Structure formats: C-alpha cells, structure tokens
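Trainee: Be aware that the sequence shown starts at 70, since it is given in our numbering, and climbs by one per residue.
Ideal Cβ placement from N, Cα and C applies to all residues, glycine included.
Since the structure is predicted, the reported quantities are computational estimates derived from the model, not experimental observations.
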Amino acid sequence: MEVFERFVFNKGLLYPGAIKPDSILLKNKKMLLHERDGFNMNRIRKIAKLHPNSIWDPEKADYGSLVDSIMLGFTYVTIDGWIDVSKLKISHALCKNAITKFTLNKSIERIIERLDALKNEIQRPILIIGSEPGDIQQFFDIINPKLAKFYDWYIAPSSSNEILSNSYIKIKGWCKSSQGVII
C-alpha cells in the first residue's frame, strides 16, 4: 500500500501549511492534490512537472479536466464517479491511470449502487473521500465484499487518525493529511 500526503492546491500553494510546490519538504513524496485554484494552466503545468506521480484531483473532475490534466503532465487524475457513464468509459479508455472518485457526502447506498453499475464499465481504481470521521469504515461495513474486491481502493479519510478494520479490501493507497481534517 502506498501512502500519499494530502494537500489542497490553491493560489499556487499547498495547504495546510502554505507550502510552495517546489519545497524540499515535498521532495520524493507522493501526494493527493485537491485543486481548488480554478483552472490555471501555468500553475498546473508547474506542479505536474514537480510531482508527476501524485494524484491530481481537479476541482471540476470531469472529462475535460482529466484530458487537460494529462496533457499538462499528470499521470494519475481523478474523475467524478457521477458523470455520465459514456464519458467515464471514454475517460478510462483515454487514461489508463484515471481514478474514479466518490465523496461520502451522499448516500452510501447510492454510491454502492453506482459502483455496482460501473463495475464492468470502468477501470479498478476508486478514490473514496470521507466527509465525517468513521464514514469510510461505515461504507466498507455496508458494501458487499464481492463488490469491494472488484476494485482497487484509494482511501482519503476526513481525519488522519482513522483506521479500517476490513481485511477483504485491496487498499492501493492511503491518503492522509499530516494536520488533521482537510477539505
């Protein structure tokens, strides 16, 4: 399992901490970068050159943002799991490292239904972003183990001290904030 440091990218800096993207503190770190800066091509290109193997989570995680982010240099880019299935399929065909994301601020049951509907349409990587402490554990307590095994999971809990107790989940990446709650 890989560990990713989790930051929000805003106005050219990484938060928490207002860290410059070229800071020595970030050298050789893999990160989950939530873009909340609007689409600024120069800033995105710069951060992609510095951290190409990080996961880029565009604010508007649609097909266009995925294509733009790949063209600007990112290898791993998220796409919203709620967009039209045809656009998800095209995105996954275009980018072998597309990661479908869901935020647990909607009904867990609806997200599970959507994952079941997508299992034969998209690639395996899924990013689950927690909104409240314990909601990721609740999600994995409810999901059918057979469906859970179908995907490779990237987990971004709402608080950095969360743990999961399920053994049937293939966690590919754990995305943590060094300073508690993020987003």
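Please go through the same chain and pick out, in chain order, the residues whose beta-carbon is closer than 7 angstroms to the beta-carbon of residue 80, but skip the five residues on each side of it.
Mentor: 106
Trainee: Taking 8 angstroms as the cut-off, does the region 107-124 touch the region 148-161 (at least 3 CB pairs, one atom from each stretch)?
Mentor: The region 148-161 makes no contact with the region 107-124, as fewer than three CB pairs between them are under 8 angstroms.
Trainee: How should residue 204 be labelled, buried or exposed, when 16 other C-beta atoms within 10 angstroms of its C-beta is the threshold for buried?
Mentor: Classification for residue 204: buried.
Trainee: I'd like to know if the region 197-214 and the region 172-183 are in contact, where contact means that at least 3 CB-CB pairs between them fall below 8 angstroms.
Mentor: yes
Trainee: How is the alpha helix (DSSP H) around residue 214 delimited, first residue to last?
Mentor: 214-219
Trainee: Using the Cβ count rule (16 or more neighbours within 10 Å means buried), how would you classify residue 86?
Mentor: Label assigned to residue 86: exposed.
Trainee: Got a sec, what are the start and stop residues for the alpha helix (DSSP H) residue 193 sits in?
Mentor: Taken as a continuous stretch (DSSP letters only), residue 193 belongs to no alpha helix (DSSP H), as it is neither H nor E.
Trainee: Per DSSP, which residues does residue 179 bridge with? Please list them.
Mentor: Note: residue 179 is not bridge-paired with any residue in the DSSP secondary-structure output.
Trainee: Output the distance between the C-alpha atoms of residue 98 and residue 75, rounded to the nearest integer angstrom.
Mentor: 10 angstroms
Trainee: So which of 193, 231 and 230 has the shortest CA-CA distance to residue 218?
Mentor: 193
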